[in-house]
Structure formats: C-alpha cells, structure tokens
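Before any comments, here is the structure.
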Amino acid sequence: MWQLFRKTPMWRPRPFRDRYDVVIIGGGVHGLATAYYLGRAGVRDVCVLEKSYLGSGASGRNTAIIRSNYRTPEGVSFYDESVKLYERLAADLGYNLLFSQQGHLTLAHTDSAINGLRVRAEVNQLMGVESRLIWPEEIQRLVPALDLSPRPRYPVLAALYHPPGGIIRHDAVVWAYARGADRMGIAIHPFTEAVGIGTSNGQVTSVLTSRGEIRAGVVVNATAGFCSTVAKMVGLHLPIVTHPLQAFVTEPLKPFLDKVIVSATLHVYVSQTDRGELVIGSEIDPYSSYSSRSTLPFLEATAAHTLELFPCLRRVRVLRQWAGICDMTPDYSPILGEVPGLKGFILDVGWGTYGFKAGPVAGKRIAELIATGRTPELIKPFSLTRFYDDTLVGEKAAAAVSH
Amino acid sequence: MSFLVPCPHCGPRDVYEFRYGGEFQRRPPPTVSDQEWADYLYARRNVAGPAKEWWYHRQGCRRWFLAVRDTRTNAVLEAFWPEDKPEGAG
Ligand SMILES: Cc1cc2nc3c(=O)[nH]c(=O)nc-3n(C[C@H](O)[C@H](O)[C@H](O)COP(=O)(O)OP(=O)(O)OC[C@H]3O[C@@H](n4cnc5c(N)ncnc54)[C@H](O)[C@@H]3O)c2cc1C
Ligand SMILES: [Zn+2]
Numbered sequence: 046m047w048q049l050f051r052k053t054p055m056w057r058p059r060p061f062r063d064r065y066d067v068v069i070i071g072g073g074v075h076g077l078a079t080a081y082y083l084g085r086a087g088v089r090d091v092c093v094l095e096k097s098y099l100g101s102g103a104s105g106r107n108t109a110i111i112r113s114n115y116r117t118p119e120g121v122s123f124y125d126e127s128v129k130l131y132e133r134l135a136a137d138l139g140y141n142l143l144f145s146q147q148g149h150l151t152l153a154h155t156d157s158a159i160n161g162l163r164v165r166a167e168v169n170q171l172m173g174v175e176s177r178l179i180w181p182e183e184i185q186r187l188v189p190a191l192d193l194s195p196r197p198r199y200p201v202l203a204a205l206y207h208p209p210g211g212i213i214r215h216d217a218v219v220w221a222y223a224r225g226a227d228r229m230g231i232a233i234h235p236f237t238e239a240v241g242i243g244t245s246n247g248q249v250t251s252v253l254t255s256r257g258e259i260r261a262g263v264v265v266n267a268t269a270g271f272c273s274t275v276a277k278m279v280g281l282h283l284p285i286v287t288h289p290l291q292a293f294v295t296e297p298l299k300p301f302l303d304k305v306i307v308s309a310t311l312h313v314y315v316s317q318t319d320r321g322e323l324v325i326g327s328e329i330d331p332y333s334s335y336s337s338r339s340t341l342p343f344l345e346a347t348a349a350h351t352l353e354l355f356p357c358l359r360r361v362r363v364l365r366q367w368a369g370i371c372d373m374t375p376d377y378s379p380i381l382g383e384v385p386g387l388k389g390f391i392l393d394v395g396w397g398t399y400g401f402k403a404g405p406v407a408g409k410r411i412a413e414l415i416a417t418g419r420t421p422e423l424i425k426p427f428s429l430t431r432f433y434d435d436t437l438v439g440e441k442a443a444a445a446v447s448h
Numbered sequence: 044m045s046f047l048v049p050c051p052h053c054g055p056r057d058v059y060e061f062r063y064g065g066e067f068q069r070r071p072p073p074t075v076s077d078q079e080w081a082d083y084l085y086a087r088r089n090v091a092g093p094a095k096e097w098w099y100h101r102q103g104c105r106r107w108f109l110a111v112r113d114t115r116t117n118a119v120l121e122a123f124w125p126e127d128k129p130e131g132a133g
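Heads up: the protein sequence lines correspond to chains A and B, in order.
Under our numbering, the first residue of the first sequence is numbered 46, with each subsequent residue one higher.
Under our numbering, the first residue of the second sequence is numbered 44, with each subsequent residue one higher.
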C-alpha cells in the first residue's frame with residue numbers, strides 16, 4: 046500500500062531517438078503491457094508514444110472489472126489467460142495492484158436472461174472457468190443489501206456467479222507496466238503524438254510524430270478509442286465506431302458490498318472499492334462521439350436504476366462523474382494482429398468497454414507475435430480477416446453492460 | 044440533456060429524442076466483390092471531426108434526416124433532408 050503514495054518517479058525520460066525496432070502508439074494498459082512483454086521476450090529497442098500523459102485514455106477511466114465469464118469458447122479462453130496473468134501480476138511487477146477477486150454476479154430479471162446466463166455457465170464450465178447459476182436464496186447470502194423482494198418492477202430471479210471475477214486498482218496496473226518496461230530500457234515518450242505513418246512496398250517504415258520522425262519496421266496501434274484515426278494514417282478503415290462510456294462514484298461508505306453486481310436489464314453495474322466508494326456504470330452512450338464530457342441523463346438514469354437494486358443507497362451522494370471513449374466492434378470482440386497487405390502494422394484495438402481486463406493477455410500475445418513473427422493460436426480468432434470470411438466472435442450478450 | 048440536434052422539421056431538440064443512425068455511406072451495387080461488400084457492412088470512417096450521419100427524430104416528427112456533426116465537440120453544424128442534397132456523399 047505504501048507504494049501508492051511514494052514520490053519516486055516510476056519511469057525516466059529517455060532521449061528521443063530517430064530509430065527504434067518497434068514503435069507502440071498509445072500509452073494505456075495495452076501499449077505499456079505490450080512494451081513490458083516485448084522486453085521480457087528480449088525485444089528492447091522499443092518506444093511507447095503517448096499523446097498526453099500515461100493512462101490518460103480509457104485505462105485511467107475504466108471501472109476496473111476483471112472476469113472471464115464470456116460466452117464464446119474463443120472469448121472465454123482468451124480472457125481466462127488474462128485473469129491468470131492478473132493473479133500473478135503484482136508479484137511479477139513487484140507492485141501492489143489491489144487486485145480483489147471478490148466474485149462477480151450477473152443478475153437475471155427475466156426468463157430469457159436466465160437462459161442466456163445458463164448458456165454462459167455451460168460454456169464457462171466446459172472451458173474450466175468457475176461460473177454457475179445461483180438462485181435468490183444464495184444471492185441474498187452473498188449480497189445482503191440487494192433488494193430481492195418481489196417489489197421492484199424487475200425482481201431478481203437468478204444470477205450467474207463467477208467467483209474469480211473482481212476489481213483492481215487500474216492506475217497501478219498502468220504505472221507498474223510502465224515501470225517494468227522502463228527498467229528493461231524501453232523508452233516511454235509521453236506528450237508525443239503520432240501524426241502520420243510512412244510505408245513503402247507494403248511495409249511500415251516510419252512514424253511521424255509531433256517531435257520528429259522515427260524510423261521503425263514495426264508499429265503497434267494500441268490507441269483504443271482513437272484507433273480509427275491511427276489506422277487512417279495507413280489508409281485503413283476499421284470495423285470500429287467510437288462511443289463514449291460514462292461512470293460515477295459515490296462518497297465513501299463503510300464496506301457493505303464485496304461482490305461486483307451487474308444487471309443488463311437495468312443497464313447498470315455496481316462495485317465498492319477499497320476506499321469505500323461505490324463505482325457505478327452503465328452501457329455506452331447511444332451515439333458515436335470522441336467527446337469525453339459527462340451528461341446528466343446518464344447520471345439520472347443510472348442512479349435511478351442503482352436504487353432499484355439497492356434502495357438503501359437513497360441518501361448517498363455522488364462524488365464525481367466522468368467519461369472515456371470506447372472503440373466498439375460489431376461483435377464486441379477485439380481486433381488483434383497483423384493486417385493483410387501491410388507488413389509491420391500490428392493492431393491491438395477494438396477493446397470497446399471491456400479491454401482493461403485484457404491488457405496482460407493482449408500485451409503478452411502481441412509481444413509474442415512481434416518477437417516470433419507467428420500469430421499465437423489464442424488470438425487467431427480475433428484477426429481483422431474475420432469480418433471478411435464471416436467468422437465473427439459474438440460477445441454482445443456477455444459484454445454490452447457487463448464490462 | 045447533453046447536446047441539441049436541430050431537426051429540419053422541429054428545430055433544436057435534446058439528442059435523447061433522436062435515434063443515431065450511423066455515418067452516411069453509399070450502398071454499393073450488388074455486383075461488387077465480397078471484400079467491398081464486407082467493407083460496406085463493417086468498415087467505418089469513424090471520423091474525429093465533422094461527420095455526416097443519419098438521425099431519426101423518434102420522439103418528434105418521426106423522420107430520418109442527415110446532419111453534419113463535429114464528433115469531437117458534438118456541435119451539429121448542419122442538418123437537412125437527404126433529398127435536398129442528393130449529391131452530398133461525404
Ligand atoms: C467508463 C469506462 C468503464 C470501463 N470499464 C471497464 C471494465 O470494468 N473492465 C474492462 O475490462 N474494461 C473497461 N473499460 C474499457 C477499458 O478501459 C479499455 O478497453 C482499455 O483501457 C483500453 O486500453 P488501451 O490501452 O487499449 O487504450 P487507452 O487506455 O485508451 O490508451 C490509448 C492511448 O493512446 C493515446 N493516443 C491516441 N492517439 C494517439 C496518437 N495519435 N499518438 C499517441 N498517442 C495516442 C491516447 O491518449 C490514450 O492514452 C471501460 C472503459 C470506460 C471508458
Ligand atoms: Zn423532428
């Protein structure tokens with residue numbers, strides 16, 4: 046815990062060079078994790094470009110839910126590897142990440158929702174992920190504050206219980222990856238914006254930045270909500286639309302909730318942090334935008350829905366509200382790996398509202414792809430080509446409200 | 044309210060009265076390649092800046108129209124019926 050308050054710098058400014066083997070665009074969890082695992086794989090002539098401060102994008106704005114109870118076998122095995130990496134991450138990075146595997150409950154308020162959760166429980170169990178349907182009696186034991194009476198408009202009928210799910214200190218993850226990468230000699234350049242990408246004969250050759258040109262044969266696009274703007278630098282239109290996602294926190298309360306609670310029907314999810322604040326979120330704003338301004342309709346609707354689950358929170362005050370932008374794909378799965386016809390341009394995008402939990406696995410596997418030149422089996426289903434050969438990985442049911 | 048959308052029929056209204064219909068695109072002829080068809084279905088320009096898009100006034104006149112909106116600020120620069128600018132491919 047003391048680490049979170051100490052003042053020694055986490056990474057040092059390094060000279061800005063005009064050549065690196067690998068340039069990573071985006072200083073969020075994905076860019077920094079990729080840099081860290083590249084270093085671990087022995088690839089250290091690497092720099093990370095961040096147009097603002099580290100973690101200024103979605104990685105510093107998310108609600109830090111980590112889980113692997115997805116719906117498709119491809120999704121479940123991918124996110125499961127990330128949960129396992131997170132379980133060891135504090136030790137790997139030598140940094141307290143406050144990872145709390147407190148358990149995650151997805152509520153069902155309708156028969157069709159129960160059916161959907163049953164499918165997920167079956168897929169999860171087949172893939173060896175702890176996840177099962179539970180009923181009101183057990184839900185009440187796990188979450189005494191939840192209103193399980195028949196009073197609400199949508200009474201709680203069942204829940205998908207996922208014990209390894211939980212929350213983490215998201216900023217700490219970002220900083221610890223940055224420090225780990227820095228210690229291996231990787232250069233981190235904040236306040237450096239990529240503004241163009243040079244190519245020649247179907248191969249990436251350079252990145253033009255606000256501080257000058259860098260020659261590089263490998264460029265990773267890890268810019269989440271901004272990834273379409275970077276893809277456009279090589280003339281690529283991605284199957285991505287950028288939407289805002291909002292959240293808010295309440296004043297701190299005594300600990301009373303030690304499970305993450307999600308209700309897709311009510312478009313709301315709630316968790317309590319170690320500081321006692323309730324972190325509350327919803328689904329994306331209903332229009333595309335690059336603006337991260339908060340709105341009152343979100344706060345009103347989401348607060349009202351929170352009270353349907355927890356009427357006891359009636360008098361609790363809201364501390365602050367914010368928004369981040371999310372790179373939504375049509376199937377709610379990410380886009381990972383190489384782009385046909387353009388060597389050296391690597392995608393780590395399409396993280397939508399659910400990408401924080403995937404930082405470790407994506408970073409590790411993208412690093413493996415760069416270090417070995419081979420696409421790991423685990424990320425093959427998420428290639429850009431899936432939109433052209435009709436093999437989408439549909440995760441909407443497991444990711445639209447539950448992030 | 045988060046921003047206003049000027050419906051060409053009803054005037055400026057709260058964005059929550061509308062349904063966002065996505066960026067304006069031209070539907071390719073059925074003879075195009077699978078690749079081009081998949082691009083039409085999935086690939087988006089997703090512009091950070093002025094973008095031409097479809098809007099539907101769900102809680103008003105119930106008509107579809109086009110608007111140019113700066114997606115960085117949500118300021119709507121212009122709104123019009125599609126037939127008024129038939130050439131207007133963005
Ligand atoms: C409110 C909210 C709640 C969320 N909740 C969850 C959750 O509970 N669980 C979960 O798993 N996920 C959640 N997410 C999603 C998650 O935050 C993101 O998917 C994830 O953080 C993406 O990480 P990233 O490193 O790819 O992108 P970011 O953290 O967005 O980093 C990208 C960086 O690229 C930089 N950049 C952009 N363009 C350029 C350029 N041209 N040059 C240089 N730098 C550039 C940006 O400044 C930014 O810092 C949530 C998101 C939001 C907004
Ligand atoms: Zn109208």
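Positions of the beta carbon are idealized from the N, C-alpha and C atoms, including for glycine.
For clarity, every value in this text was computed on a predicted model and none was experimentally measured.
Which residues does DSSP list as the beta-bridge partners of residue i?
i: residue 435 of chain A; result: Per DSSP, none; premise fails for residue 435 of chain A.
i: residue 390 of chain A; result: A/264
i: residue 251 of chain A; result: A/243, A/260
i: residue 112 of chain B; result: B/94, B/119
i: residue 206 of chain A; result: A/150, A/177
i: residue 94 of chain A; result: A/70, A/234
i: residue 56 of chain B; result: B/48
i: residue 287 of chain A; result: A/372
i: residue 211 of chain A; result: A/111
i: residue 317 of chain A; result: A/323
i: residue 223 of chain A; result: None, per the DSSP bridge assignment.
Whole angstroms is fine: what's the gap from residue i's alpha carbon to residue j's?
i: residue 201 of chain A; j: residue 214 of chain A; result: 29 Å
i: residue 75 of chain B; j: residue 399 of chain A; result: 35 Å
i: residue 148 of chain A; j: residue 188 of chain A; result: 11 Å
i: residue 62 of chain B; j: residue 332 of chain A; result: 8 Å
i: residue 275 of chain A; j: residue 254 of chain A; result: 12 Å
i: residue 329 of chain A; j: residue 288 of chain A; result: 6 Å
i: residue 389 of chain A; j: residue 416 of chain A; result: 12 Å
i: residue 370 of chain A; j: residue 441 of chain A; result: 18 Å
i: residue 48 of chain B; j: residue 96 of chain A; result: 31 Å
i: residue 256 of chain A; j: residue 285 of chain A; result: 28 Å
i: residue 88 of chain A; j: residue 320 of chain A; result: 38 Å
i: residue 57 of chain B; j: residue 46 of chain B; result: 6 Å
i: residue 60 of chain B; j: residue 326 of chain A; result: 22 Å
i: residue 121 of chain B; j: residue 117 of chain A; result: 42 Å
i: residue 86 of chain B; j: residue 180 of chain A; result: 42 Å
i: residue 258 of chain A; j: residue 58 of chain A; result: 18 Å
i: residue 218 of chain A; j: residue 323 of chain A; result: 20 Å
i: residue 227 of chain A; j: residue 302 of chain A; result: 37 Å
i: residue 132 of chain A; j: residue 235 of chain A; result: 28 Å
i: residue 413 of chain A; j: residue 203 of chain A; result: 41 Å
i: residue 123 of chain A; j: residue 169 of chain A; result: 12 Å
i: residue 83 of chain B; j: residue 186 of chain A; result: 50 Å
i: residue 132 of chain B; j: residue 124 of chain B; result: For residue 132 of chain B, the predicted model reports a pLDDT of 48, less than 50, meaning its position is unreliable; a value from the coordinates is still stated below. Approximately 13 Å, taken between the alpha carbons.
i: residue 50 of chain B; j: residue 108 of chain B; result: 8 Å
i: residue 56 of chain A; j: residue 233 of chain A; result: 8 Å
i: residue 439 of chain A; j: residue 448 of chain A; result: 15 Å
i: residue 70 of chain B; j: residue 119 of chain B; result: 24 Å
Quick one: measure Cβ to Cβ for residue i and residue j, integer angstroms, because I've assumed they're closer than 8 Å.
i: residue 138 of chain A; j: residue 72 of chain A; result: About 16 Å separates the two Cβ atoms, so there is no contact after all.
i: residue 364 of chain A; j: residue 315 of chain A; result: That pair is no contact at about 14 Å.
i: residue 175 of chain A; j: residue 209 of chain A; result: 6 Å
i: residue 81 of chain B; j: residue 432 of chain A; result: 6 Å
i: residue 393 of chain A; j: residue 75 of chain A; result: 5 Å
i: residue 206 of chain A; j: residue 150 of chain A; result: 6 Å
i: residue 397 of chain A; j: residue 377 of chain A; result: 6 Å
i: residue 344 of chain A; j: residue 352 of chain A; result: At roughly 13 Å, the Cβ-Cβ gap does not stay under 8 Å, so residue 344 of chain A and residue 352 of chain A are not in contact.
i: residue 290 of chain A; j: residue 368 of chain A; result: 7 Å
i: residue 306 of chain A; j: residue 152 of chain A; result: 7 Å
Taking C-beta pairs closer than 8 Å, name the residues in chain C that residue i reaches, listed in chain order.
i: residue 438 of chain A; result: In the structure shown, chain C cannot be found, because the protein chains are A and B.
- Item | Touching by the beta-carbon criterion (3+ pairs, under 8 Å), the stretch 370–384 of chain A and the stretch 240–252 of chain A | Result no; under three Cβ-Cβ pairs closer than 8 Å.
- Item | contact_flag[the stretch 82–96 of chain B, the stretch 292–300 of chain A] where n(CB pairs < 8 Å) is 3 or more | no
- Is the stretch 330–337 of chain A touching the stretch 105–118 of chain B, taking contact as three or more C-beta pairs under 8 Å? yes
- Query: Enumerated in chain order, which unbroken segments of the alpha helix (DSSP H) with a length of 4 residues or greater are wholly contained in the stretch 340–410 of chain A?
  - Reply: 341–354
- Looking at C-beta atoms only, is the number of pairs between the stretch 110–125 of chain A and the stretch 401–409 of chain A that lie closer than 8 Å three or more? yes
- Segment contact flag, the stretch 50–65 of chain B with the stretch 415–428 of chain A, C-beta cutoff 8 Å, min 3 pairs: Because the criterion of three Cβ pairs below 8 Å is not met, the stretch 50–65 of chain B and the stretch 415–428 of chain A do not touch.
- Message: Under 8 Å: do the stretch 259–268 of chain A and the stretch 164–181 of chain A share three or more Cβ pairs, one atom per stretch?
- Response: no
- Are three or more beta carbon pairs between the stretch 305–323 of chain A and the stretch 194–211 of chain A nearer than 8 Å? yes
- Does the pairing of the stretch 57–67 of chain A with the stretch 82–90 of chain A give three or more beta-carbon distances under 8 Å? yes
- Message: Extract the residue ranges of the beta strand (DSSP E) inside the stretch 98–157 of chain A, only unbroken runs of 3 or more that lie entirely within it.
- Response: 149–153
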